[in-house]
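In what follows, a structure is listed as structure tokens, so that the remarks can point back to it.
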Amino acid sequence: MNIRLLKAFLILAEKGNYADAAKALFISQPALTKQINLLESMLEMSLFTRGRHGATLTAGGRRLLPEAEKVVSQTRLFMHHAERVSKGIEGHVAVGFGLSSFYLAPRCIAECRRDYPGIEMSLTDLPSFKQYELLQNDELQVGFVRVPPPVALDYLPLFTDRLVLIAPATSTAMLAAEWLKKRPLLRLYAERGRGLNAQIDRFLHDNGLFISSTQFSDDIQTIVALVIAGIGVSLVPYSVMHIAPPELVIIPLTGESLSWEVGIAWNASHEDVIRDNFIASIRKGMTQERG
């Protein structure tokens, strides 16, 4: 069904004569007559009676008028929605984040929502290696990950993170090397903290540090609680220290293999205007912070 025919039907029903309706539609009167005749032919029924007083709806025309109004209105809404989607100002973007972006990712989403309130966003806590996989498969649009990625993805560095050692505040002050020799090192299981564990292993190896023993946990909050309880110490990203309670001591570290780059990554081989607008919002925030 050609939507122009329905619009011609509605305007003629509203105006009541061909001359006024044609003027409202910005077409000639013969062109309007042709459109109405075509619509009546398609429907196999008369919609108007023609007389000295103009065009009057038939009984069938009166019954179809509300449905025509509904279709035209829905089409108008659809076109408006399609335009917003095509411009990337309405839709959905799936975002992943990890330990180092525990604070940054939600802040970036909040800023993007101010710029693009029509975009719905989901935020999922995932280790970087899992995000790389989902980004390649187009199951995730943007990932806050370690950069550069080990796979073919575009990326934008955002900040440098680094390791710090956390210890219970009630204990005697010691150097990091002493803590590691005297207390168990608390760390994440491999499937949850693969990247962080690799960074910790490089740091320990490159600086000739030795640990007394190792205990594993599922999440960083549990590790923090265990450190506070005096169970052990932990090497964690400095970026998560905003959640650190006062019962913790944060010990800066020196040496090799302390830091890594954190940024966003995406699969540019898949066209996605909404994703690109999200990235543009992050770039805008970086520019404002530097300015």
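Residues in the sequence shown are numbered consecutively from 378, following the working numbering.
Where a beta carbon is used, it is the ideal one built from N, C-alpha and C, also for glycine.
In this text the structure is predicted, and so the values were computed from the model without any measurement.
Anticipated Cβ contact below 8 Å, residue i with residue j, distance rounded
i      : j      : result
Ser616 : Asp502 : About 14 Å; that fails the 8 Å criterion.
Pro525 : Tyr509 : Pro525 to Tyr509, Cβ: 11 Å. No contact.
Ser590 : Lys559 : Not confirmed; about 10 Å, so no contact.
Phe587 : Phe521 : At roughly 33 Å, the Cβ-Cβ gap does not stay under 8 Å, so Phe587 and Phe521 are not in contact.
Val650 : Leu625 : Between Leu625 and Val650 the Cβ distance is about 44 Å, and since that is not below 8 Å, they are no contact.
Arg569 : Pro504 : 6 Å
Ile670 : Leu517 : Missing from the structure shown is residue 670; the chain here goes from 378 to 668 and no further.
DSSP-derived helix/strand/coil call for residue i
i      : result
Thr547 : coil
Ala471 : strand
Met456 : helix
Glu497 : strand
Glu666 : helix
Glu516 : coil
Thr465 : Per the sequence shown, residue 465 should be read as Gly rather than Thr. Gly465 falls in the coil class under three-state DSSP.
Thr537 : strand
Glu638 : strand
Cβ pair residue i, residue j closer than 8 Å
i      : j      : result
Leu562 : Leu612 : yes
Pro614 : Leu476 : yes
Gln576 : Ser634 : yes
Leu382 : Ala398 : no
Ser423 : Gly437 : yes
Leu630 : Leu540 : yes
Run of the beta strand (DSSP E) containing residue i, from where it starts to where it stops
i      : result
Ser611 : Val610 to Pro614
Gln592 : Thr591 to Ser594
Leu530 : Element bounds for Leu530: n/a, residue is neither H nor E.
First through last residue of the alpha helix (DSSP H) which encompasses residue i
i      : result
Ala645 : No alpha helix (DSSP H) holds Ala645; DSSP gives it neither H nor E.
Are the segment 601-614 and the segment 447-466 touching, with three or more C-beta to C-beta distances below 8 Å?
-> no
Is there contact between the segment 523-534 and the segment 544-552, where contact requires at least three CB pairs shorter than 8 Å?
-> no
Taking 8 Å as the threshold, find out whether the segment 484-502 comes into contact with the segment 654-667 through three or more Cβ pairs.
-> yes
Indicate whether the contact test is met: 3 or more Cβ pairs, each with one atom in the segment 458-473 and one in the segment 488-501, closer than 8 Å.
-> When C-beta atoms of the segment 458-473 are compared with those of the segment 488-501, three or more pairs fall below 8 Å, so the two segments count as touching.
May I ask you to verify whether the segment 427-439 touches the segment 379-395, counting CB pairs closer than 8 Å and requiring at least 3?
-> yes
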